[in-house]
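Here's the structure we're looking at; comments come further down.
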Amino acid sequence: MDHFLYKNGQLMAEDVAISDIAAAVGTPFYVYSAATLTRHYRLFSEALDPLPHNVCFAIKSLSNLAVLKLLGDLGAGMDVVSGGEYMRAKAAGVPGERIVFSGVGKTRDEMRLALTGGVRQFNVESEPELLALSAVASDMGAVAPITLRVNPDVDAKTHEKIATGKKENKFGIPLSKARAVYALAASLPGLQVVGIDVHIGSQLTDLAPFEAAFEKIAELTEQLRADGHTISRLDLGGGLGIPYTRSNEAPPLPLDYGALIKRTLGHLGCEIEIEPGRLISGNSGLLVSEVIYVKEGEDRTFLIVDAAMNDLVRPSMYGAHHDIVPVIEAAAGAAAQDYDVVGPVCETGDTFAKARALPQLGAGELLAFRSAGAYGAVMASEYNTRPLVPEVLVQGDHFAVIRARPTFDEILKRDSIPAWL
Ligand code: LLP
Numbered sequence: 003m004d005h006f007l008y009k010n011g012q013l014m015a016e017d018v019a020i021s022d023i024a025a026a027v028g029t030p031f032y033v034y035s036a037a038t039l040t041r042h043y044r045l046f047s048e049a050l051d052p053l054p055h056n057v058c059f060a061i062k063s064l065s066n067l068a069v070l071k072l073l074g075d076l077g078a079g080m081d082v083v084s085g086g087e088y089m090r091a092k093a094a095g096v097p098g099e100r101i102v103f104s105g106v107g108k109t110r111d112e113m114r115l116a117l118t119g120g121v122r123q124f125n126v127e128s129e130p131e132l133l134a135l136s137a138v139a140s141d142m143g144a145v146a147p148i149t150l151r152v153n154p155d156v157d158a159k160t161h162e163k164i165a166t167g168k169k170e171n172k173f174g175i176p177l178s179k180a181r182a183v184y185a186l187a188a189s190l191p192g193l194q195v196v197g198i199d200v201h202i203g204s205q206l207t208d209l210a211p212f213e214a215a216f217e218k219i220a221e222l223t224e225q226l227r228a229d230g231h232t233i234s235r236l237d238l239g240g241g242l243g244i245p246y247t248r249s250n251e252a253p254p255l256p257l258d259y260g261a262l263i264k265r266t267l268g269h270l271g272c273e274i275e276i277e278p279g280r281l282i283s284g285n286s287g288l289l290v291s292e293v294i295y296v297k298e299g300e301d302r303t304f305l306i307v308d309a310a311m312n313d314l315v316r317p318s319m320y321g322a323h324h325d326i327v328p329v330i331e332a333a334a335g336a337a338a339q340d341y342d343v344v345g346p347v348c349e350t351g352d353t354f355a356k357a358r359a360l361p362q363l364g365a366g367e368l369l370a371f372r373s374a375g376a377y378g379a380v381m382a383s384e385y386n387t388r389p390l391v392p393e394v395l396v397q398g399d400h401f402a403v404i405r406a407r408p409t410f411d412e413i414l415k416r417d418s419i420p421a422w423l
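With this note's numbering as the guide, the letters of the sequence shown map in order to residues 3 to 423.
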């Protein structure tokens, strides 16, 4: 459920008309609904009650400071994967003890940054990383709380580019090596083992792979405890999928996911941590764009819009589907037409949809890409020197620009021409 509905023929973000935002901000832009973000965060938190738990928002999915402040104020923790994301979480006012540091290639500088500012735990992914973290923490006279991310060799049945839990993926420590690496961790100075971490992939629309992974984690917990380790925390990663089409998809709900966690892991007496990104942010955001031209090809009609692959890369990168809707609702029974919806970037891959049935649209009309809150703005670039797309947050009947569109001046000023040219 989200808060982007038609009212009197106008697409709204909560109580604000999208066309009013477009008039104030210009297109393209991302718009997020505070009510939807709040609702999705609470669904997860409630689904895990009464287990002791921590919902750490995967800020890689949507990292604007205003969004982090909103979720942080609700009590959310944050899952970060870089020094930059760590700085964002801190700048949004989230205390270090609610920040989990994930990622397969943490640098020593990033470790120092998090140990200085405070961190709930590092999710360590390899032996060399373990050795580096032990050295950095010991040098600082600090103790780094850690879990080891294990790779359960489970097929997440999702897009190959975002599946992470198979043994051929670069992530985590193979289950077969886990006990040995935990023994190494326990023997090193500057580290304190607190639990286990697992994350098998993103946009999972079936609970079975989660169940397979969680069963392996339950077994490993018992084994590691028998080996003498303290396992008080289980970080189960993120990955629960969202419906990208309004018609026929019904992925499992956070409530089902919570019930699965309780059933497979609830008896272990561990604190449960999860790292959802997409399910909190995905359907909380739209990308709004304006039609520049309608171009008649030989056998198709192109809708050339002012958003492009640099603003929303998911269709060209993963072949992802985003529902596209007009901002002014089509009259009941209005004629529909198939369009290839494309951006202005000089690549054929800059295609959002092929042969998509839409109400007839003309130049200057607005449309919205749905489910664009997650992995939208954060993956945007300035390819073709197109200014980074701005972001807007709506709450009730008001909105604010939470990241302004840069001017061409600001963009050009970032480059410098050496004196010897
Ligand atoms: N935790 C870890 C360690 C992760 O690697 C990820 C996502 C998450 C949590 C959050 O997963 P989520 O709940 O959002 O599924 N750019 C891709 C998705 C990449 C996901 C990367 N890792 C896309 O647009 O589909």
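Cβ atoms here follow ideal geometry from the backbone N, Cα and C, with glycine treated the same way.
Residue i Cβ short of 8 Å to the ligand LLP heavy atom set
{"i": "L288", "result": "no"}
{"i": "I164", "result": "yes"}
{"i": "D81", "result": "yes"}
{"i": "K444", "result": "The question about residue 444 has no answer here: the residues shown for the chain are numbered 3 through 423."}
{"i": "A60", "result": "yes"}
{"i": "N125", "result": "yes"}
{"i": "R316", "result": "yes"}
{"i": "M311", "result": "no"}
{"i": "S128", "result": "no"}
{"i": "G437", "result": "Not covered by the structure: residue 437. The range shown for the chain is 3 to 423."}
{"i": "S104", "result": "yes"}
{"i": "A116", "result": "no"}
{"i": "G11", "result": "no"}
{"i": "P278", "result": "yes"}
{"i": "Q491", "result": "Nothing about residue 491 can be read from this structure; the chain reaches only from 3 to 423."}
{"i": "L236", "result": "no"}
{"i": "Y320", "result": "yes"}
{"i": "L209", "result": "no"}
{"i": "A376", "result": "yes"}
{"i": "H201", "result": "yes"}
{"i": "A3", "result": "In the sequence under discussion, the amino acid at residue 3 is Met, which differs from the Ala named in the question. Not under cutoff, so the answer is no."}
{"i": "L281", "result": "yes"}
{"i": "Q397", "result": "no"}
{"i": "S47", "result": "no"}
{"i": "H161", "result": "yes"}
{"i": "S373", "result": "no"}
{"i": "P84", "result": "Before going further, note that residue 84 is Ser rather than Pro in the sequence given. No, the ligand LLP has no heavy atom inside 8 Å of this Cβ."}
{"i": "S65", "result": "no"}
{"i": "S383", "result": "no"}
Beta-carbon proximity list for residue i, same chain, < 7 Å, skipping 5 on both sides
{"i": "L115", "result": "G85, Y88"}
{"i": "Q225", "result": "R181"}
{"i": "A188", "result": "V195, H231"}
{"i": "R248", "result": "D325"}
{"i": "I83", "result": "Correcting the residue identity first, residue 83 is Val in this sequence and not Ile. For V83, where only same-chain residues beyond five positions count, the Cβ hits under 7 Å are K62, S104, G105."}
{"i": "G268", "result": "L53"}
{"i": "A338", "result": "A359, L360, P361"}
{"i": "L67", "result": "R90, A93, A94"}
The ligand ADP heavy atom lying under 8 Å from the CB of residue i
{"i": "E131", "result": "As presented, the structure is devoid of the ligand ADP, carrying the ligand LLP as its sole ligands."}
DSSP beta-bridge partners of residue i
{"i": "I413", "result": "None, per the DSSP bridge assignment."}
{"i": "T353", "result": "V344"}
{"i": "A153", "result": "According to the sequence shown, residue 153 is Asn rather than Ala. Note: N153 sits in a beta bridge opposite P176."}
{"i": "K287", "result": "A small fix is needed here, since residue 287 is Gly in this sequence, not Lys. Partner(s): Y34."}
{"i": "Y295", "result": "I306"}
{"i": "H400", "result": "Q397"}
{"i": "M14", "result": "A19"}
{"i": "Q194", "result": "P147"}
{"i": "Y8", "result": "L13"}
{"i": "A359", "result": "D340"}
{"i": "R405", "result": "E393"}
{"i": "L368", "result": "E292"}
{"i": "I282", "result": "Bridge partners of I282: none, in fact."}
{"i": "I276", "result": "V57"}
Close Cβ partners of residue i (< 8 Å) along its chain, the five nearest in sequence each way excluded
{"i": "L177", "result": "V152, N153, P154, D155, K218, L222"}
{"i": "V135", "result": "Looking at the sequence itself, residue 135 is Leu, so the reference to Val does not match. Excluding residues within five positions, the ones whose Cβ falls inside 8 Å are K108, M113, F124, V126, A146, I148, G192, L193."}
{"i": "V183", "result": "E129, L132, L150, I175"}
{"i": "V380", "result": "K62, S63, L64, S65"}
{"i": "E349", "result": "M311, S318"}
{"i": "Y8", "result": "M14, E331"}
Same chain, Cβ closer than 6 Å to residue i, five either side skipped, listed in chain order
{"i": "L257", "result": "A49"}
Q | Whole runs of the alpha helix (DSSP H) within the region 198-246, excluding any shorter than 4 residues | A | 210-228
Q) Touching or not, the region 238-246 and the region 18-29, by the rule of three or more beta carbon pairs under 8 Å? A) no
Q: Take every Cβ of the region 269-286, pair it with every Cβ of the region 369-389, and state whether three or more of those distances are shorter than 8 Å.
A: yes
Q. Would you call the region 92-99 and the region 156-164 in contact, with 3 or more CB pairs under 8 Å?
A. Counting Cβ pairs under 8 Å, fewer than three are found: no touch.
Q: Return the chain-ordered ranges of every beta strand (DSSP E) run that is complete within the region 23-111 and spans a minimum of 3 residues.
A: 31-35, 55-60, 79-82, 101-103
Q: Examine the Cβ distances between the region 157-173 and the region 200-211 and report whether three or more of them are shorter than 8 Å.
A: yes
Q | Those runs of the alpha helix (DSSP H) which lie wholly inside the region 107-138 and span at least 4 residues | A | 110-119
Q.
So within the region 312-343, which uninterrupted beta strand (DSSP E) runs reach at least 3 residues, ignoring any that extend past its ends?
A. 326-328
Q. Counting Cβ pairs closer than 8 Å, one from the region 340-349 and one from the region 394-405, do we hit at least three?
A. no
Q. Does the count of Cβ pairs from the region 292-309 and the region 352-371 closer than 8 Å reach three?
A. The region 292-309 vs the region 352-371: in contact.
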